[in-house]
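**Q**
2 protein chains.
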Amino acid sequence: MVAGGDWGEFEDAILREFHQRKAPAIVVFNKSDLGRPAAGLGERLRKEKVSCVETVANRGEGVLALREALVRAAPEEFINAPSMISDLVPPGELAVLVVPIDKEAPKGRLIQPQVQAIRELLDGDSYCMVVKERELRDALERLKRPPVLVVTDSQAFLKVAGDTPPDVKITSFSILLARQKGDLAQFVQGALAIEGLKPGDRVLVAEACSHHPITDDIGRVKIPRWLRQYVGGALDIHTIQGHDFPDDLASYQLVVHCGACMWNRRELLTRMLRCRQAGVPICNYGMTIAYTLGIFDRALGPFPDALETYRRWKAERAKGSGPAS
Amino acid sequence: MVAGGDWGEFEDAILREFHQRKAPAIVVFNKSDLGRPAAGLGERLRKEKVSCVETVANRGEGVLALREALVRAAPEEFINAPSMISDLVPPGELAVLVVPIDKEAPKGRLIQPQVQAIRELLDGDSYCMVVKERELRDALERLKRPPVLVVTDSQAFLKVAGDTPPDVKITSFSILLARQKGDLAQFVQGALAIEGLKPGDRVLVAEACSHHPITDDIGRVKIPRWLRQYVGGALDIHTIQGHDFPDDLASYQLVVHCGACMWNRRELLTRMLRCRQAGVPICNYGMTIAYTLGIFDRALGPFPDALETYRRWKAERAKGSGPAS
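These protein sequences, in sequence, are chains E and L.
Its first residue numbered 161, the first sequence is counted upward by one per residue in the working numbering.
Its first residue numbered 161, the second sequence is counted upward by one per residue in the working numbering.
Laid out in structure tokens, this is it:
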């Protein structure tokens with residue numbers, strides 16, 4: 161928002177950053193009663209496909225035009241978000257959602273990806289069973305026909321893989337989020353990087369929310385433990401929370417990111433882009449867990465393209481050429 | 161909170177109101193560096209079992225003592241809330257939750273009572289199926305053993321009653337909330353008052369949240385329509401939203417209240433008390449719907465005490481004596 165039509169190098173830099181991130185931009189000239197934008201500016205911005213709106217905020221002038229510009233500029237995904245689960249479960253079919261209740265589960269609630277999955281299934285005319293990992297076997301036994309998909313919290317992956325018949329597909333909420341909000345192929349490549357980790361390597365564990373970690377926290381305790389066990393030695397693990405992302409990304413051998421359930425797609429993709437620029441592989445919680453527990457193939461079962469990519473890269477790596485970037 | 165130890169008739173009146181509502185009270189003497197409470201006051205308050213804390217808020221003094229007093233004064237239900245559903249579904253058993261997706265359902269979400277029910281079932285080592293009313297019949301067909309309970313949004317009561325085998329108990333989220341947050345017996349009495357409504361009677365529809373009503377709103381369109389159909393004529397229906405409750409309660413023949421899912425038990429019980437004081441029957445949305453649709457007996461099936469009360473009052477009413485107050 162530019163007051164009184166001032167425009168300079170600073171504004172140009174912001175706009176370039178927006179273009180680079182492919183973020184839609186609206187330029188709002190506020191206090192337009194005190195000064196209008198320079199003659200050629202509006203024309204130049206329109207050529208760059210940037211919407212311009214003039215407002216006088218303290219009188220409410222132009223606010224409706226601004227709202228309309230916001231709706232027009234909103235990316236398609238705001239209107240029709242890519243689906244998280246409904247394309248994997250046909251109408252009239254059943255999914256089973258495995259929801260462990262650990263110490264960090266807020267009282268009386270379900271976490272956002274669980275609610276989102278239930279709602280998407282209902283919106284898609286399918287339905288679901290919601291069950292803890294301990295009751296999963298009984299719940300599956302109770303069905304005349306098996307579900308088309310079992311989705312679990314990553315923390316219960318091993319037990320769920322054991323209790324679900326091999327012909328039933330399983331995946332995790334975290335992998336569903338990776339597909340919906342991130343770039344599944346880049347995460348697959350990130351998981352492969354776990355294979356190359358050596359004791360002493362630097363790993364950044366990044367969490368979107370700044371929750372208060374308690375005993376057995378997934379990002380601080382469980383994932384570091386599984387990674388160490390897989391690598392067979394100590395790792396130099398750093399943990400961050402919230403919106404800051406370090407500048408020395410290139411100094412890490414791997415970034416492990418949470419599902420970013422409370423973020424929008426753009427925010428996570430921006431981080432993935434920064435990792436690609438820094439040449440550091442990034443993986444998410446669920447895929448890291450599936451990889452270190454040795455059930456990566458099964459967890460990618462519902463996503464044949466990603467599974468194919470993984471198998472190809474794995475074969476290339478085995479031949480010593482490493483995954484393509 | 162009383163600054164500098166001032167205490168007068170105003171404070172006494174507030175305290176009396178608290179005692180009358182059986183609300184625990186803590187008296188905080190703030191600015192206690194500028195003035196302490198009068199000599200006899202502390203002693204008098206302690207005799208009334210009122211906790212007293214002295215603080216200097218701008219220096220943070222006494223804040224820890226205040227927090228401790230809050231925890232001590234918190235009612236038992238804050239620590240161990242009465243259960244909404246888990247006592248009706250034994251460990252290892254299955255409940256089916258019917259969740260219609262209407263135009264007012266916020267995108268990507270489930271409403272609070274639905275989430276609360278799912279979570280309580282998981283906490284109680286049971287599990288659930290979540291399904292729209294349209295897929296309910298298929299979902300039940302898919303089971304080898306029927307569920308022990310079907311809970312529906314009140315709006316789908318008739319269809320759910322039709323699609324659920326007669327030996328399976330059904331109720332609504334609204335009735336579960338009535339039991340957990342209100343007084344089921346008083347609501348049963350309120351439902352009976354629907355029987356005595358005459359065309360032209362005044363009905364107050366009260367909603368806790370101030371959401372933006374749209375087409376076919378339950379409180380503004382559906383319940384008034386069902387009530388009119390049951391009574392067989394026009395009613396004088398008033399609608400209120402939020403925390404204000406009218407002073408002329410006695411001028412209504414019936415109050416119909418929403419489930420108050422976003423309120424605590426005290427707030428709803430306070431309203432029920434005010435209705436009792438004004439001599440006006442109060443019923444909630446789900447029980448009103450069940451009553452006007454003629455499935456009240458079945459909806460009370462899971463609650464034998466309430467069902468017995470209802471049948472007794474109904475029998476008394478049939479003999480012309482009306483329900484006991």
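Glycine is no exception: its CB is placed at the ideal position from the N, C-alpha and C atoms.
Model, not experiment: these values are computed from the prediction.
Enumerate in chain order the residues of its own chain whose CB-to-CB distance from Ile186 (chain E) is below 6 Å, with the five nearest sequence positions on each side excluded.
**A** For Ile186 (chain E), where only same-chain residues beyond five positions count, the Cβ hits under 6 Å are Ser211, Ala229, Ala233.
**Q** Between which two residues does the beta strand (DSSP E) containing Leu336 (chain E) stretch?
**A** Careful: Leu336 (chain E) lies outside any beta strand (DSSP E), inside the alpha helix (DSSP H) at 333-341.
**Q** Tell me, please, whether the CB atom of Arg279 (chain L) is closer than 8 Å to any CB atom in chain E?
**A** Closer than 8 Å to some Cβ of chain E, the Cβ of Arg279 (chain L) qualifies, so yes.
**Q** Which same chain residues, not among the five before or five after Tyr445 (chain L), have their C-beta less than 8 Å away from its C-beta?
**A** Ser314, Ser334, Ile378, Gly379, Ile383, Val416, His417, Cys418, Gly419
**Q** Whose CA, out of L:Glu203, L:Cys288, L:Val223, lies closest to the CA of Ser192 (chain L)?
**A** L:Val223
**Q** What residue range is occupied by the uninterrupted beta strand (DSSP E) comprising Tyr470 (chain E)?
**A** Element bounds for Tyr470 (chain E): not the beta strand (DSSP E) but the alpha helix (DSSP H), 464-478.
**Q** Do the region 258-277 of chain E and the region 342-349 of chain E touch if we need at least three Cβ pairs shorter than 8 Å?
**A** By the Cβ criterion, the region 258-277 of chain E is not in contact with the region 342-349 of chain E, since fewer than three pairs of Cβ atoms, one from each stretch, lie closer than 8 Å.
**Q** Out of L:Phe317, L:Gln349, L:Pro462, L:Ile261, which has the shortest C-alpha to C-alpha gap to Glu476 (chain L)?
**A** Nearest Cα to Glu476 (chain L) within the set L:Phe317, L:Gln349, L:Pro462, L:Ile261: L:Gln349.
**Q** Below 8 Å between beta carbons: does that hold for Asp396 (chain E) and Arg425 (chain E)?
**A** no
**Q** So is Gln180 (chain L) buried or exposed if we call it buried at 16+ other beta carbons inside 10 Å?
**A** Looking at its Cβ environment, which holds fewer than 16 other Cβ atoms inside 10 Å, Gln180 (chain L) is exposed.
**Q** By the criterion of Cβ-Cβ separation under 9 Å, what are the contact partners of Asp323 (chain E) in chain L?
**A** Under the 9 Å cutoff, chain L gives no residues; its nearest Cβ is about 13 Å from Asp323 (chain E).
**Q** Based on Cα-Cα distance, which residue from E:Ala225, E:Leu205, E:Glu367, E:Arg302 lies nearest to Arg431 (chain E)?
**A** E:Glu367
**Q** Return the residue from the list L:Tyr412, L:Asp285, L:Leu409, L:Glu293 that minimises the CA-CA distance to Glu295 (chain E).
**A** L:Asp285
**Q** Which partner residues does Asp396 (chain L) have in the DSSP bridge list?
**A** Per DSSP, L:Arg362.
**Q** Are the Cβ atoms of Lys329 (chain L) and Leu309 (chain L) separated by less than 8 Å?
**A** yes
**Q** Does Ala299 (chain L) have its Cβ less than 8 Å from a Cβ in chain E?
**A** yes
**Q** Measure the Cβ-Cβ separation of Glu280 (chain L) and Met244 (chain L) and say whether it is below 8 Å.
**A** yes
**Q** Let me confirm a value: Asp262 (chain L) is counted as buried when at least 16 other C-beta atoms fall within 10 Å, else exposed. Which label applies?
**A** exposed
**Q** Checking 8 Å against the spacing of the C-beta atoms, do Thr331 (chain L) and Ala459 (chain L) come in under that value?
**A** For the 8 Å CB-CB criterion, Thr331 (chain L) and Ala459 (chain L) form a contact.
**Q** Would you check if the distance between the CB atom of Leu282 (chain L) and the CB atom of Val259 (chain E) is smaller than 8 Å?
**A** yes
**Q** Evaluate Ala478 (chain L) with the Cβ neighbour count: other Cβ atoms within 10 Å of its Cβ, from every protein chain shown; 16 or more gives buried, anything less gives exposed.
**A** Exposed, because fewer than 16 other Cβ atoms sit within 10 Å of the Cβ of Ala478 (chain L).
**Q** Going straight from the alpha carbon of Tyr412 (chain E) to that of Arg196 (chain L), what length do you get?
**A** 59 Å
**Q** Could you check if Ala198 (chain E) is buried or exposed, using at least 16 other CB atoms within 10 Å of its CB as the buried criterion?
**A** exposed
**Q** For a contact defined as C-beta to C-beta under 7 Å, what are the partners of Arg302 (chain E) on chain L?
**A** Simply Leu254, Leu303, Lys304, Arg305.
**Q** Gln437 (chain E): buried (16+ other C-beta within 10 angstroms of its C-beta) or exposed?
**A** Taking a 10 Å sphere around the C-beta of Gln437 (chain E), we find fewer than 16 other C-beta atoms and assign the residue as exposed.
**Q** Measuring alpha carbon to alpha carbon, tell me which residue in L:Gly202, L:Val275, L:His403, L:Val311 is nearest Ala450 (chain L).
**A** L:Val311
**Q** If we ignore side chains and look at the alpha-carbon of each, how far apart do Cys288 (chain E) and Pro406 (chain L) end up?
**A** 43 Å
**Q** For Glu427 (chain L), which residues in chain E fall below 7 Å Cβ to Cβ?
**A** Under the 7 Å cutoff, chain E gives no residues; its nearest Cβ is about 17 Å from Glu427 (chain L).
**Q** Cβ closer than 9 Å: which chain E residues qualify as neighbours of Ile261 (chain L)?
**A** Arg279, Leu282, Asp283
**Q** Mind listing, in chain order, the continuous alpha helix (DSSP H) runs of no fewer than 4 residues lying wholly within the region 373-461 of chain L?
**A** Within the region 373-461 of chain L, the complete alpha helix (DSSP H) runs of at least 4 residues are 383-391, 425-438, 445-452, 456-459.
**Q** Let me see if you follow: with CB-CB separation under 8 Å, is Met422 (chain L) close to chain E or not?
**A** no
**Q** Suppose you measure from the CA of Asp404 (chain E) to the CA of Val365 (chain E); what does that come to, to the nearest Å?
**A** 12 Å
**Q** Look up Leu303 (chain E) in the DSSP assignment and give the residues it is bridged to.
**A** L:Leu303, per the DSSP bridge assignment.
**Q** How about Leu257 (chain L) and Ala277 (chain L): are their beta carbons less than 8 Å apart?
**A** yes
**Q** Look at the alpha carbon of Arg297 (chain E) and the alpha carbon of Gly252 (chain L), and state the distance between them as a whole number of angstroms.
**A** Using only the alpha carbons, I get a separation of about 11 Å.
**Q** In its own chain, which residues sit with a C-beta less than 8 Å from the C-beta of Arg227 (chain L), not counting the 5 before and 5 after it?
**A** Same-chain partners within the cutoff: there are none.
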